[in-house]
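A.B. asks: Just dropping this structure here.
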Amino acid sequence: MIHKYWGNVEEDWAGFSSDTTFSNPFFDKQNVEIFLGEEYDEDGEEIEELPTENQLTEFAETYQMFIENIEMNIRNIQDKAYERYLKLYAHFYENPEKSGEPALNIDNTDKHNDNIKEIIYLRVLDDKTIKLSIRYKLDTEHGLEFKFVGGQIANVGGIAET
Numbered sequence: 450m451i452h453k454y455w456g457n458v459e460e461d462w463a464g465f466s467s468d469t470t471f472s473n474p475f476f477d478k479q480n481v482e483i484f485l486g487e488e489y490d491e492d493g494e495e496i497e498e499l500p501t502e503n504q505l506t507e508f509a510e511t512y513q514m515f516i517e518n519i520e521m522n523i524r525n526i527q528d529k530a531y532e533r534y535l536k537l538y539a540h541f542y543e544n545p546e547k548s549g550e551p552a553l554n555i556d557n558t559d560k561h562n563d564n565i566k567e568i569i570y571l572r573v574l575d576d577k578t579i580k581l582s583i584r585y586k587l588d589t590e591h592g593l594e595f596k597f598v599g600g601q602i603a604n605v606g607g608i609a610e611t
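Using our numbering, you'd call the opening residue of the sequence shown number 450 and step up by one each time.
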């Protein structure tokens with residue numbers, strides 16, 4: 450399928466994607482895949498039906514809004530990731546007795562940012578929703594996923610938890 454914004458839309462390794470990719474200097478990896486719609490339906494089956502023309506147009510509007518506010522969105526990602534670090538990980542990584550390693554001394558957002566630089570992919574969904582998945586250096590098993598709804602971060606969790 451060809452769409453006026455997305456170009457060639459076809460089935461890919463995790464759903465449907467297009468020729469359009471995501472890049473931002475904050476992230477190490479550039480030209481990251483953008484998936485369009487969910488990968489699985491409510492029964493856990495792979496979705497094999499292409500998104501409709503209307504869905505693709507809505508996805509384009511959602512993505513464009515995300516890109517128009519990218520600097521603010523990246524800053525919010527940084528802040529929320531650091532908050533999650535403090536809540537779930539700092540007690541371990543900042544305590545040599547627990548970790549068996551020297552403390553990481555991550556005491557602000559900027560010091561934490563090196564741990565969230567590896568983006569895996571971005572997924573645009575219905576209802577003005579975007580999920581951005583990151584390989585989190587401090588928890589590669591779960592990673593980090595940011596769910597944006599209407600341009601705001603609505604949830605932060607491990608990948609596939611939001």
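Backbone N, C-alpha and C define an ideal beta-carbon position, used for all residues, glycine too.
With three or more C-beta pairs closer than 8 Å as the rule, is the region 550-560 touching the region 575-583?
C.D. replies: No, they do not touch.
A.B. asks: Whose C-alpha, out of 478, 500, 475 and 479, is nearest the C-alpha of residue 486?
C.D. replies: For the purposes of this step, residue 486 is taken as residue 37 along the sequence shown, with counting starting at 1. Nearest option by C-alpha distance: 500.
A.B. asks: Return the first residue and the last residue of the alpha helix (DSSP H) that residue 516 is part of.
C.D. replies: Residue mapping note: residue 516 aligns to position 67 of the sequence shown, counting from 1. From DSSP, the alpha helix (DSSP H) with residue 516 extends over 502-517.
A.B. asks: Using the three-state DSSP reduction, which class does residue 539 fall into: helix, strand or coil?
C.D. replies: The residue labelled residue 539 in the question sits at position 90 within the sequence shown. Looking at residue 539 - three-state DSSP - the assignment turns out to be helix.
A.B. asks: In the region 528-609, which residue ranges form an unbroken alpha helix (DSSP H) of at least 4 residues, counting only runs that do not cross its ends?
C.D. replies: Within the region 528-609, the complete alpha helix (DSSP H) runs of at least 4 residues are 539-542, 545-548 and 558-561.
A.B. asks: Report yes or no: do the region 507-516 and the region 587-595 share at least 3 C-beta pairs separated by less than 8 Å?
C.D. replies: Because the criterion of three Cβ pairs below 8 Å is not met, the region 507-516 and the region 587-595 do not touch.
A.B. asks: Answer yes or no: do residue 694 and residue 527 have a C-beta to C-beta separation smaller than 9 Å?
C.D. replies: Residue 694 is absent from the model: the chain starts at 450 and stops at 611.
A.B. asks: If you draw a straight line from the alpha carbon of residue 453 to that of residue 534, how long is it in whole angstroms?
C.D. replies: Within the sequence shown, numbered from 1, the residue matching residue 453 stands at position 4. Within the sequence shown, numbered from 1, the residue matching residue 534 stands at position 85. Taking the straight line from one Cα to the other gives about 40 Å.
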